[in-house]
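Q: One structure coming up, written as structure tokens, with questions to follow.
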Amino acid sequence: MSNKIVVMLPGTTGTTLVNSLDASIWPDAVVATAKVSKIAALALLKSRLTPSKPMGWDRKDKGYGVLANYFATELGFKTACASYFDKNWGLPSSLDSDLLIGFPYDWRQDNSSAAVTFRSFLSSVYSTYGDTYEMYLVAHSMGGILARAYLETGHNKEDAWYDNIKGLITMGTPHLGAPLALDAMLGQDLSEVSSLMTGNFATVVHDFVNDDYSDSTYELLPPDLQGLSETQFISANGNSYSMFDGLPSDVINILNEDGFNWGNLKKAQAFFDTLIYNEPPAWLPDYYCIYGITSAAVPKIPDNASTCESFTLTEDKLVDNWVEESGDHIVPKWSAVFEGRPVSDTYSPPQNVNHFDLPTSECILWKVATWLGYSPSQPDQCTSPD
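Each residue of the sequence shown is one higher than the one before, starting from 0 at the first, in numbering that gives the first Met the number 0.
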């Protein structure tokens with residue numbers, strides 16, 4: 000029986016970035032420097048940096064470390080983290096058990112470029128272990144877009160290891176985009192997403208997102224899918240538009256005033272053209288989609304009960320529209336479940352779970368384990384009410 004290799008891909012900003020001295024620049028130095036100088040913080044964020052680890056990877060109680068600890072303690076996996084400082088990616092020399100590998104990546108670059116690096120990593124896995132494993136990709140948020148950038152373009156399907164990949168499991172991945180991404184490009188208030196998104200730090204994020212250096216955030220905008228009305232998410236003058244569909248001049252003027260990068264948008268469209276949004280071809284592995292629903296009925300996070308679904312032109316401003324119990328606060332359900340394209344299965348935990356907590360939810364980790372073919376005990380709280 001083949002061993003399983005599970006590769007975990009974090010979401011955007013979910014990988015620590017270090018300098019040549021292995022000092023953490025993102026998030027530690029950038030956040031600290033932003034309190035003093037937004038120019039210096041932006042320069043740090045644009046400097047030459049190397050991906051280190053998924054956030055919290057070495058913690059049992061925080062971030063992606065919760066997922067790693069679950070695989071180790073509940074499923075008996077060995078765990079490792081891919082290393083950019085090792086010619087063999089820091090892989091264990093032998094595969095004598097099931098293995099979970101965290102794959103950090105540079106979330107600042109476009110997902111096509113990140114997918115080239117990911118392909119190099121997959122090649123090393125195959126060279127190290129031969130044809131002795133089956134692989135599953137477990138991805139949070141934009142990590143699922145990165146996985147798709149490798150899986151769907153077509154030219155990688157001839158890779159010797161491609162058929163070893165049996166499935167992609169996504170947690171809150173914006174397969175059809177996240178309208179909220181537009182707020183970062185507009186420089187509008189994102190304090191409802193993070194307490195950091197205020198003052199100088201918010202300015203750093205806005206300037207960075209609209210820089211030529213940062214393509215990936217534009218790849219989180221909803222693509223232009225004429226068959227899905229949700230991707231026409233901007234309402235103006237009684238009509239609805241996608242970001243790529245003849246925006247009226249008053250909307251364009253607002254975007255220009257806020258430093259919107261039309262070159263990045265053009266590159267995002269070219270990237271979307273390489274992905275598959277309808278009936279998947281037979282050579283693709285199975286897809287499984289997890290989505291979160293936040294609810295005002297749960298007092299723990301009442302401010303996160305709604306999700307940004309669209310924008311409306313109102314008095315020379317694009318105002319975001321928040322809809323209660325329609326998603327995980329960041330990604331709408333219709334996007335996370337890949338509406339309009341068949342997938343093997345979908346799941347949402349019965350409790351309130353927001354976007355950032357998806358990889359730490361006990362119910363979600365249990366469901367992922369069952370999709371991987373394991374039979375862990377179902378936690379009591381994961382039983383859906385009748």
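Virtual Cβ for every residue (Gly too), placed ideally from N, Cα, C.
(1) If you check the beta carbons only, do Cys307 and Asp315 fall under 7 Å apart?
(2) Using DSSP bridges, identify the partner residues of Thr359.
(3) Measuring CB to CB, does Tyr135 end up less than 7 Å from Thr14?
(4) At 3 residues or longer, what runs of the beta strand (DSSP E) sit wholly inside the region 228 to 257?
(5) Could you work out which residue in Ala114, Trp106, Gly186, Tyr128 is closest to Asp95 when comparing CA atoms only?
(6) Using the DSSP secondary-structure output, state which residues sit across from Gly50 in a beta bridge.
(7) Please list, in chain order, all residues of the same chain as Lys37 whose beta carbon is under 7 Å from its beta carbon, the five residues on each side excluded.
(8) Could you work out which residue in Thr49, Ser119, Val367, Ser215 is closest to Asp158 when comparing CA atoms only?
(9) When you compare only the Cα positions, how much space is there between Asp214 and Ala113?
(10) Helix, strand or coil: which one does DSSP assign to Thr369?
(11) Buried or exposed for Asp85, please, with buried defined as at least 16 other CB atoms from any protein chain shown within 10 angstroms of its CB.
(12) Return the CA-CA distance between Tyr69 and Leu185, expressed in angstroms with no decimal places.
(13) In the structure shown, what three-state DSSP assignment does Glu323 receive?
(14) Would you list the one or two residues that DSSP bridges to Glu133?
(15) Please classify Lys366 as buried or exposed, where buried requires at least 16 other C-beta atoms within 10 Å of its C-beta.
(16) Cutting at 6 Å between CB atoms, please list the residues of its own chain near Val5, excluding the five before and the five after it.
(17) With distances taken between CB atoms, is the gap from Phe102 to Ala79 smaller than 7 Å?
(18) Pairs of beta-carbons, one from the region 161 to 171 and one from the region 256 to 276, closer than 8 Å: are there three or more?
(19) Are there 16 or more other CB atoms within 10 angstroms of the CB of Trp333, so buried, or fewer, so exposed?
(20) Just tell me which of Thr311, Ser23, Asp285, Gly143 has its CA closest to the CA of Lys52.
(21) Can the beta-carbon of Tyr132 be found less than 7 Å from the beta-carbon of Asn260?
(22) Leaving out five residues on either side along the sequence, give the residues of the same chain with a beta carbon under 6 Å from the beta carbon of Val342.
(23) Could you tell me whether the Cβ atoms of Ser305 and Glu323 are closer together than 7 Å?
(24) Which of the three DSSP states, helix, strand or coil, is assigned to Phe120?
(25) Where do the N-terminal and C-terminal ends of the alpha helix (DSSP H) with Thr202 fall, by residue?
(26) Quick one: what does DSSP say Lys61 is sitting in, helix, strand or coil?
(27) Select from His174, Val30, Leu312, Cys381 the residue whose C-alpha is nearest the C-alpha of Thr230.
(28) Let me know the secondary structure DSSP gives Lys165 once reduced to three states.
(29) Assign Glu218 to buried or exposed, taking buried as 16 or more other Cβ atoms, counted over all protein chains shown, within 10 Å of its Cβ.
(30) When DSSP builds the beta bridges, which residues end up paired with His154?
(31) Going by other Cβ atoms of all chains shown within 10 Å of its Cβ, with 16 needed for buried, is Ala281 buried or exposed?
(32) Which two residues bound the contiguous alpha helix (DSSP H) that contains Trp25?
(33) Skipping 5 residues on each side, what residues in its chain have a beta carbon closer than 7 Å to that of Thr32?
(34) Going by the CB atoms, is the gap between Pro9 and His139 shorter than 7 Å?
(35) In three-state DSSP terms, what is Ala71?
(36) Please determine, among Pro26, Leu48, Arg107, Thr313, the residue with the shortest C-alpha to C-alpha distance to Leu20.
A: A quick look at the data gives this:
(1) Here residue 307 is taken as the residue at index 308 of the sequence shown, counted from 1. Here residue 315 is taken as the residue at index 316 of the sequence shown, counted from 1. Taking a C-beta distance under 7 Å as the contact criterion, Cys307 and Asp315 do not qualify as a contact pair.
(2) Position 360 of the sequence shown holds residue 359. Note: Thr359 sits in no beta bridge, so no partner.
(3) Stepping through the sequence shown from its first residue, residue 135 is reached at position 136. Stepping through the sequence shown from its first residue, residue 14 is reached at position 15. No, these two residues do not count as a Cβ contact at 7 Å.
(4) Counting only runs of 3+ residues, the beta strand (DSSP E) found wholly inside the region 228 to 257 occupies 233 to 235, 238 to 240, in chain order.
(5) One-based indexing of the sequence shown puts residue 95 at position 96. Cα-wise, what sits closest to Asp95 is Tyr128.
(6) One-based indexing of the sequence shown puts residue 50 at position 51. The identity of residue 50 in the sequence shown is Pro, whereas the question assumes Gly. According to the DSSP secondary-structure assignment, Pro50 is paired through a beta bridge with Leu16.
(7) Looking up residue 37 in the sequence shown gives position 38. Asn199, Thr202, Val203.
(8) As a working note, residue 158 is residue 159 in the sequence shown. The shortest CA-to-CA distance from Asp158 to any of Thr49, Ser119, Val367, Ser215 is the one to Ser119.
(9) Position 215 of the sequence shown, counting from 1, holds the residue named residue 214. Position 114 of the sequence shown, counting from 1, holds the residue named residue 113. Taking the straight line joining both Cα atoms gives about 11 Å.
(10) Reading the sequence shown from its first residue, position 370 is the one you call residue 369. DSSP places Thr369 in the helix class (H, G or I) of the three-state scheme.
(11) Against the sequence shown, residue 85 aligns to sequence position 86. By the beta-carbon neighbour count (other beta carbons within 10 angstroms, threshold 16), Asp85 is exposed.
(12) Locating residue 69 in the sequence shown gives position 70, where the first residue counts as 1. Locating residue 185 in the sequence shown gives position 186, where the first residue counts as 1. When only Cα atoms are considered, Tyr69 and Leu185 end up about 39 Å apart.
(13) Indexing the sequence shown from 1 puts residue 323 at position 324. Residue state for Glu323 is assigned as strand, using DSSP reduced to three classes.
(14) As a first step, residue 133 must be located in the sequence shown, where it is residue number 134. Beta-bridge pairing links Glu133 to Lys3.
(15) Locating residue 366 in the sequence shown gives position 367, where the first residue counts as 1. That one is buried.
(16) By 1-based counting over the sequence shown, the position of residue 5 is 6. Take Val5, set aside five residues on each side of it, and the residues of its chain with a beta-carbon closer than 6 Å to its own are Leu99, Tyr135, Val137, in chain order.
(17) Numbered from 1 along the sequence shown, position 103 holds the residue referred to as residue 102. Numbered from 1 along the sequence shown, position 80 holds the residue referred to as residue 79. In this structure, Ala79 does not lie closer than 7 Å to Phe102 by Cβ.
(18) Counting C-beta pairs with one atom in each stretch, the region 161 to 171 and the region 256 to 276 have fewer than three that are closer than 8 Å, which means they do not touch.
(19) Looking up residue 333 in the sequence shown gives position 334. Trp333 should be labelled buried.
(20) Numbered from its first residue, the sequence shown carries residue 52 at position 53. Closest option to Lys52, Cα to Cα, is Ser23.
(21) Reading the sequence shown from its first residue, position 133 is the one you call residue 132. Reading the sequence shown from its first residue, position 261 is the one you call residue 260. Cβ distance not < 7 Å, so Tyr132 and Asn260 don't count as in contact.
(22) Counting from 1 along the sequence shown, the entry for residue 342 is found at position 343. Correct list, in chain order: Tyr286, Cys288.
(23) On the sequence shown, position 306 is the one that residue 305 refers to. On the sequence shown, position 324 is the one that residue 323 refers to. In this structure, Ser305 sits near Glu323, with a CB-CB distance shorter than 7 Å.
(24) If you number the sequence shown from 1, residue 120 lands on position 121. It is helical.
(25) Here residue 202 corresponds to residue number 203 of the sequence shown, with the count starting at 1. For Thr202, the enclosing alpha helix (DSSP H) has its first and last residue at 198 to 208.
(26) Translated into positions along the sequence shown, residue 61 becomes position 62. Coil.
(27) Here residue 230 is taken as the residue at index 231 of the sequence shown, counted from 1. For the residues His174, Val30, Leu312, Cys381, the minimum Cα distance to Thr230 belongs to His174.
(28) In the sequence shown, the residue the question calls residue 165 occupies position 166. For Lys165, the secondary structure class from DSSP, reduced to helix, strand or coil, is strand.
(29) Start at 1 with the first residue of the sequence shown, and residue 218 comes out as number 219. By the Cβ neighbour-count rule, Glu218 is buried, with 16 or more other Cβ atoms within 10 Å of its own.
(30) For the purposes of this step, residue 154 is taken as residue 155 along the sequence shown, with counting starting at 1. Answer is none; His154 lacks a bridge partner.
(31) As a first step, residue 281 must be located in the sequence shown, where it is residue number 282. The residue is exposed, with fewer than 16 neighbouring Cβ atoms inside 10 Å.
(32) Locating residue 25 in the sequence shown gives position 26, where the first residue counts as 1. For Trp25, no alpha helix (DSSP H) run applies; the uninterrupted beta strand (DSSP E) run containing it begins and ends at 23 to 25, by DSSP.
(33) One-based indexing of the sequence shown puts residue 32 at position 33. Excluding sequence neighbours, Thr32 sits near Ala39, Ala40, Leu43.
(34) Here residue 139 refers to the residue found at position 140 of the sequence shown. Here residue 9 refers to the residue found at position 10 of the sequence shown. Closer than 7 Å, so yes.
(35) Locating residue 71 in the sequence shown gives position 72, counting from the first residue. In this structure, Ala71 counts as helix in the three-state DSSP scheme.
(36) Position 21 of the sequence shown, counting from 1, holds the residue named residue 20. The candidate whose alpha carbon is nearest that of Leu20 is Leu48.
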